[in-house]
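This report refers to the structure that appears directly beneath it.
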Amino acid sequence: MQTLHVELGDRRYPIFIGSHLNINELLLPYITGHQVMIVTNDTVEKLYANTYQQALQALGKTVKLCVLRDGEKYKNLENLNLIFDALLQAGFNRDCTVLALGGGVIGDMAGFAAASFQRGVNFIQVPTTLLSQVDSSVGGKTGINHPLGKNMIGAFKQPSVVFADMAQLKSLPPRELSAGLAEIIKYALLGDIEFLAWLEMHMDGLIQGDEALLAEAVYRSCAHKARIVANDEKEHGERALLNLGHTFGHAIESYLGYGVWLHGEAIATGMVMAADLSCQMGWISEADLIRTKVIFQRAQLPIACPPIPLEQFLEYMVHDKKVLNGQLRLILMKGVGQAVITKEFNLEAMKQAIVNNQLKE
């Protein structure tokens, strides 16, 4: 087992990374009170909910389950209210713990509920997808989608612990595993060229689900994110770099409908668009652009999206959270492993990058 810490002063918390982690030994110190609400979905419930429920009950905890439907399209206010309903109907108080058992959708909604219920209760992340282990479970961003934009309603709520068990990744469909690799590749592209070389060397093993390789990739990814979050918790500066490809990717998700493409699939294509624009501006070479495309292809991720009318694509982009004072800011690359936040980009080149990376009708 490996352990990282997100350094946030008195809110410092650990990330445990390994296979077949000991629930009793590792989770118990981070559960406040005697009431635990496990928030999960109808897919993960069948796989892991009983294990966690029985382990916590054996420790004397009152454990209830809130089971939501599985999918990004259910990350909305209606389903958030189901968590509040479950907490209130169970008579839980502000000493309770909300435990998110699932992927990014569950973590985001359970975290938002924990931030809001009785003005804030204890929160634990148990991410069961690769994408949530390396991204959404770390850093405290929580929230829900709105028809006009992804993650537009939410709050910052740091967990008290993150519990990343590689053994749980065995149940992931190949498509979900690839989606998680998109976020892992992101960390390499935005700030670690040596990590990119490591990923290129080990991609075949990662795709096959090698637990030791996955644990190393998760550790290195979380280490990158933990450092950035510690420096910029509320995304006033450096943390925005973690959104490489996301402005383009969120537009793809919003147009296609939440859940049609997985988040990792959309941001993979989004990062290719960002690399294309960076190449047009002379910030990276054609060889770097090709290298970016190839690593995503080797991870079995799309590098072009279905045809989307340009005006609609741009309309979704202007609803992005990184718009500041009416100006769109993008995360681009000034070299592989060197991302920057900028509003200084050529609009026509950006449009061309979008068009270049769409499938032809």
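Just so we're aligned, residue 942 is where the sequence shown starts under the working numbering, counting upward by one.
Ideal Cβ placement from N, Cα and C applies to all residues, glycine included.
{"Query": "Cutoff 6 angstroms; reference residue 1219; Cβ partners in own chain excluding five residues on either side", "Result": "1225, 1273, 1274"}
{"Query": "Contact belief for residue 1078 with residue 1066 at Cβ below 8 angstroms, rounded distance in angstroms", "Result": "4 angstroms"}
{"Query": "Three CB pairs or more closer than 8 angstroms across the region 973-987 and the region 945-957", "Result": "no"}
{"Query": "Other residues of its chain near residue 1245: CB distance less than 7 angstroms, five sequence neighbours each side excluded", "Result": "1210, 1298, 1299, 1300"}
{"Query": "Start-to-end residues for the beta strand (DSSP E) that takes in residue 1040", "Result": "1038-1043"}
{"Query": "Selected residue, minimal CA-CA separation from residue 986, among 1016, 1041, 1030, 1161", "Result": "1041"}
{"Query": "Sequence-distant residues of its chain with Cβ nearer than 6 angstroms to residue 1005 (five each side left out)", "Result": "978, 1031"}
{"Query": "Spatial distance of residue 963 from residue 1193 (CA atoms)", "Result": "39 angstroms"}
{"Query": "Bridge-paired residues (DSSP) for residue 1280", "Result": "1274"}
{"Query": "N-terminal and C-terminal residue of the beta strand (DSSP E) that residue 1070 is part of", "Result": "No beta strand (DSSP E) holds residue 1070; DSSP gives it neither H nor E."}
{"Query": "Three-pair Cβ contact test at 8 angstroms for the region 1239-1257 versus the region 1159-1170", "Result": "no"}
{"Query": "Within 7 angstroms, strictly: CB atoms of residue 1098 and residue 1052", "Result": "yes"}
{"Query": "Option in 993, 1282, 1287, 1229 with minimal Cα separation from residue 1106", "Result": "993"}
{"Query": "Residue 1003 versus residue 1027: straight-line alpha-carbon distance, rounded", "Result": "13 angstroms"}
{"Query": "Cα-Cα separation between residue 1185 and residue 1012, rounded to whole angstroms", "Result": "23 angstroms"}
{"Query": "Validate contact between the region 1228-1238 and the region 1195-1208 using beta carbons, cut 8 angstroms, 3 pairs", "Result": "no"}
{"Query": "Which of helix, strand or coil DSSP assigns to residue 961", "Result": "coil"}
{"Query": "Pairwise C-alpha distance: residue 1236 and residue 1141", "Result": "7 angstroms"}
{"Query": "For residue 1106: DSSP bridge partner residues", "Result": "959"}
{"Query": "Residue 979, DSSP secondary structure in three states", "Result": "strand"}
{"Query": "Element boundaries [alpha helix (DSSP H), containing residue 1260]", "Result": "No alpha helix (DSSP H) contains residue 1260, which DSSP labels as neither H nor E."}
{"Query": "Inter-residue CB distance, residue 1130 and residue 1280 (contact presumed, cutoff 8 angstroms)", "Result": "7 angstroms"}
{"Query": "Span of the alpha helix (DSSP H), counted from its first residue to its last, around residue 1205", "Result": "1204-1221"}
{"Query": "N-terminal and C-terminal residue of the beta strand (DSSP E) that residue 1096 is part of", "Result": "1090-1097"}
{"Query": "Endpoints, the alpha helix (DSSP H) within which residue 1126 is located", "Result": "1115-1132"}
{"Query": "Span separating the alpha-carbon of residue 1213 from that of residue 1234", "Result": "6 angstroms"}
{"Query": "Among 1150, 1100, 1108, nearest to residue 1122 - alpha-carbon criterion", "Result": "1150"}
{"Query": "Contacts around residue 1247, its chain only, beta-carbon distance under 6 angstroms, and the 5 residues preceding and following it disregarded", "Result": "1300"}
{"Query": "Beta-carbon proximity check, residue 1159 vs residue 1074, cutoff 7 angstroms", "Result": "yes"}
{"Query": "Beta-carbon proximity of residue 957 to residue 973, cut-off 7 angstroms", "Result": "no"}
{"Query": "Contact check, residue 1072 vs residue 1120, beta carbons under 7 angstroms", "Result": "yes"}
{"Query": "Buried versus exposed call for residue 1082 [16 or more other C-beta atoms within 10 Å across all chains shown]", "Result": "buried"}
{"Query": "Helix, strand or coil at residue 1287 according to DSSP, with G and I counted as helix", "Result": "coil"}
{"Query": "Paired residues, beta bridge with residue 1007 - DSSP", "Result": "980"}
{"Query": "Terminal residues of the alpha helix (DSSP H) in which residue 1193 lies", "Result": "1187-1197"}
{"Query": "When 968, 1251, 1104 are compared against residue 1043, the one with the closest alpha-carbon", "Result": "1104"}
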